[in-house]
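Structure first, commentary second.
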Amino acid sequence: MKEQGGLQIRSAEECAWDQLSLGEVMLRFDPGEDRITRTRHFRVWEGGGEYNVARGLRRCFGMRTSLVTALADNPVGRLLEDMMLQGGVDLSHLRWLPYDGVGEASRNGVYFLERGYGNRPAMGMMDRGHTPISQMKPGEVDWDRIFGKEGVRWFHTGGIMCALSLSATEVVREAMTSARRHGVVISYDCNYRPSLWKRRGGRLGAAAVNRELAPLVDVLLGHDGDLAREIGASSQGPPWHDEESYAAMAKGITEDFPNIKVIATTARKATSANRNHWGAFGWSEGEVYRGMHFEDLEIFDRVGGGDSFAAGVFYGLLSGRGMQWSLDCGVAHGALAMTTPGDNSMFTLAEVEHAMSRNGAGVQR
2 MKEQGGLQIR SAEECAWDQL SLGEVMLRFD PGEDRITRTR HFRVWEGGGE
52 YNVARGLRRC FGMRTSLVTA LADNPVGRLL EDMMLQGGVD LSHLRWLPYD
102 GVGEASRNGV YFLERGYGNR PAMGMMDRGH TPISQMKPGE VDWDRIFGKE
152 GVRWFHTGGI MCALSLSATE VVREAMTSAR RHGVVISYDC NYRPSLWKRR
202 GGRLGAAAVN RELAPLVDVL LGHDGDLARE IGASSQGPPW HDEESYAAMA
252 KGITEDFPNI KVIATTARKA TSANRNHWGA FGWSEGEVYR GMHFEDLEIF
302 DRVGGGDSFA AGVFYGLLSG RGMQWSLDCG VAHGALAMTT PGDNSMFTLA
352 EVEHAMSRNG AGVQR
């Protein structure tokens, strides 16, 4: 075990995996510059909040990552498998469910997303009912074998996985309980999605689930605004916007949940669909950290920016770089990821470090 930011992290030598994610992977249909309702061509990508983190850690940062997920065994599922194999994430924990020919019993999730431009915001439409992972139940995965016998240093999941179904929430709880039993660092991204929580109480329903799981969390992530509301902290106060208000928010959360050792939160303000203020704040061991900020970041495709941020933060902490470096790494990695299409990072550690140095965007020959 080594300590980093108040976290006790298992050594790489005793673990097969630096990081393991639990979550759904879907096929994304991208109409490019067209509208969904007018296009005749789509480009497809694989994507999913928890998976994106594992892929970023593997492809950009060279860490050993694995994924627990489930797919229906049909050509779309095999296409997703092929994409994930290219992403380098280990798929030995991928579960296949039989396909009934029409998708009545189970089907693979897909979603459509317009990137937006100028004053036209990005717009997404989900089609993910009856997916295999939403039907997963406690007892179907041998978590003690994965976390104990195989060995995992860092486990990541979040509110998207929890929102898929009541049983999915219980699978998350089961996995987190096992991870804690084996001394694995547990990160949880609240990642609120209104469309997914509509039938389960909306934001209040999501906060109630997050609050139930919070005692099992070591590293808490969130996005713009008031993270305290996402976790249902009793001392919420006004939404944070600077170091002082962020410190008050972190104090309220950690008074309710003293087990939380690290908080990391993106800060985004969209001046248009393709120009954003982008940065982050973090908290560790009673200290607030302000990550590097981009005042006028040009955006090509904003989806996956938060997941790439998480991957950068996790890499920094896993490699012993300290909270400030980790936060800056997350901001830079997220900023780069939003300059290319698709949900996932296409960058290298050297390119992330170049972005962290702010040495400019001139041609590199």
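Quick note: the sequence shown uses this note's numbering, first residue 2, plus one each step.
Just so you know, even glycine gets a beta-carbon here, dropped at the ideal spot from N, CA and C.
Since this is a predicted model, take the numbers as computed values, not measurements.
In the DSSP output, which residue or residues are listed as bridge partners for residue i?
i    : result
Y118 : R121
A265 : L222, G283
W46  : R29
Y112 : R29, M127
D190 : G159, L222
Q136 : None; Q136 has no bridge partner.
Q87  : Q87 is not bridged to any residue.
Could you give the DSSP three-state label for residue i: helix, strand or coil?
i    : result
R341 : Checking the displayed sequence, the identity of residue 341 turns out to be Thr instead of Arg. DSSP places T341 in coil when its eight states are reduced to three.
Y100 : coil
S273 : strand
A312 : helix
Q365 : Caution is warranted here: a pLDDT of 49 is assigned to Q365, below 50, making its placement in the model unreliable, and no coordinate value can be reported.
M357 : helix
M347 : coil
L72  : strand
F62  : coil
S67  : strand
W241 : coil
H278 : strand
L21  : strand
R154 : strand
C16  : coil
I37  : coil
V304 : coil
D145 : helix
G57  : helix
E82  : helix
A106 : coil
I185 : Just to set this straight, residue 185 is Val in the shown sequence, not Ile. In the structure shown, V185 sits in coil (DSSP, three-state: anything other than H, G, I, E or B).
G317 : helix
E352 : helix
R331 : The question names Arg, but residue 331 is Gly in the sequence shown. If DSSP states are grouped into helix, strand and coil, G331 belongs with the helices.
Between the Cα of residue i and those of the options, spot the shortest distance and give me the residue it belongs to.
i    : options                : result
R182 : K150, A209, T170       : K150
M339 : V185, G159, Q325, S309 : S309
A215 : A248, T158, H242       : T158
P259 : V220, V103, A169       : V220
R359 : T341, P342, M347, A336 : A336
A79  : L95, G306, A251, E288  : A quick correction: the sequence has Arg, not Ala, at residue 79. Comparing Cα positions, the closest option is L95.
P1   : H278, A248, G24        : Nothing in the structure corresponds to residue 1, since the chain is present only between 2 and 366.
M1   : G63, S67, R194         : The chain is shown from 2 up to 366; residue 1 falls before or after that span and cannot be answered.
R276 : R121, G89, A17, A106   : R121
V172 : Q136, E15, L21, P342   : Q136
R212 : E256, D297, A248       : E256
G184 : R291, G152, A169, A209 : G152
H42  : P32, C61, G48          : P32
L21  : V54, R44, D35, V45     : V54
H294 : Y52, A356, L92         : A356
T40  : F113, H131, R154, T170 : F113
M126 : R36, L318, Y316        : R36
Can you tell me where the beta strand (DSSP E) with residue i in it begins and where it stops?
i    : result
V220 : 220-223
V289 : 288-291
G203 : Looking at the DSSP string, G203 is not in any beta strand (DSSP E); the run it does join, the alpha helix (DSSP H), is 203-214.
M168 : The residue asked about is misnamed: residue 168 is Ser in this sequence, not Met. Element bounds for S168: not the beta strand (DSSP E) but the alpha helix (DSSP H), 167-182.
Would you kindly report the start and end of the unbroken alpha helix (DSSP H) that includes residue i?
i    : result
D257 : 244-257
W198 : 195-198
E299 : From DSSP, E299 is part of no alpha helix (DSSP H) but of the beta strand (DSSP E) over 295-299.
I10  : Looking at the DSSP string, I10 is not in any alpha helix (DSSP H); the run it does join, the beta strand (DSSP E), is 8-10.
Q92  : Rather than Gln, the amino acid found at residue 92 in this sequence is Leu. Here L92 belongs to no alpha helix (DSSP H), and DSSP marks it neither H nor E.
A234 : Counting along the chain, A234 falls outside any alpha helix (DSSP H), and DSSP gives it neither H nor E.
So residue i packs on residue j, CB below 8 Å; how close in whole Å?
i    : j    : result
D344 : V304 : 5 Å
L8   : K262 : 5 Å
T178 : L222 : With a Cβ gap of about 20 Å, T178 and L222 do not count as contacting.
T66  : V26  : Contact flag wrong, Cβ pair sits at about 13 Å.
D190 : A311 : 6 Å
V103 : D128 : 15 Å between Cβ atoms; not a contact.
A265 : G283 : 5 Å
D329 : G292 : 5 Å
So does residue i have its beta carbon nearer than 8 Å to some heavy atom of the ligand COA?
i    : result
G287 : No copy of the ligand COA appears in this structure; indeed no ligand is present at all.
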